[in-house]
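**Student:** The following block contains the structure, expressed as C-alpha cells.
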Amino acid sequence: MEPVAIPQSIDDPIHILLWSADEIVPFMVSMLTGMLIDQFIPGLALGLIAVKFYRRFRDNRPDGYTLHAMYWLGLLPSRAQTIPNPYIRRFLP
C-alpha cells in the first residue's frame with residue numbers, strides 16, 4: 033500500500049508555492065500589469081508589497097471578510113439573475 037497524505041486542517045485554502053490562493057491574486061495582477069507596461073521588476077516589487085499589505089489586512093479580520101466587503105461594494109460576481117441591493121437595510125413583504 034502507498035502512504036496517504038492526510039491534511040493537517042480541512043479549512044485551509046489551497047497553497048501555491050509560498051502563498052495561499054487569495055494572496056497570489058494581488059501578486060499576479062501587479063506582475064501582469066508590470067509586464068503589459070514594460071516595467072516587470074517594479075511590478076514584482078509592487079506585487080510583493082501588495083501581498084504583504086493584503087496579508088496584514090486579512091489576518092486582522094474574521095474569515096470571509098473580503099468576500100463580505102466585495103458583496104457590500106457590489107463587486108461580487110454571481111450566477112444569480114438578481115442580487116439584492118446591499119444598501120437596503122429592511123426588506124418589506
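For any residue, its number in our numbering is found by taking its place in the sequence shown, counting from 1, and adding 32. For glycine and all other residues, C-beta sits at the position ideal for the given N, C-alpha and C. Please read all numbers here as calculations on a predicted model, not as lab measurements.
#1: Is isoleucine 48 helix, strand or coil by DSSP?
#2: Buried or exposed: which applies to methionine 60, given that a residue is buried once 16 or more other Cβ atoms fall within 10 Å of its Cβ?
#3: If you measure between the beta carbons of methionine 63 and leucine 76, is that distance less than 8 angstroms?
#4: Closer than 8 angstroms by C-beta to methionine 67: which residues in its own chain qualify, once you throw out the five before and the five after it? Chain order, please.
#5: Quick check on DSSP: helix, strand or coil for arginine 88?
#6: Pop quiz: valine 83 and glutamate 55 are said to be a contact at Cβ under 8 angstroms. What is the actual Cβ separation, rounded to whole angstroms?
#7: What's the call for glycine 96, buried or exposed, on a 16-neighbour Cβ count within 10 Å?
#8: Answer with buried or exposed for proline 45, where buried requires no fewer than 16 other C-beta atoms within 10 angstroms of its C-beta.
**Tutor:** Checking against the coordinates, here is how it stands:
#1: strand
#2: exposed
#3: yes
#4: Gly75
#5: helix
#6: 5 angstroms
#7: exposed
#8: exposed
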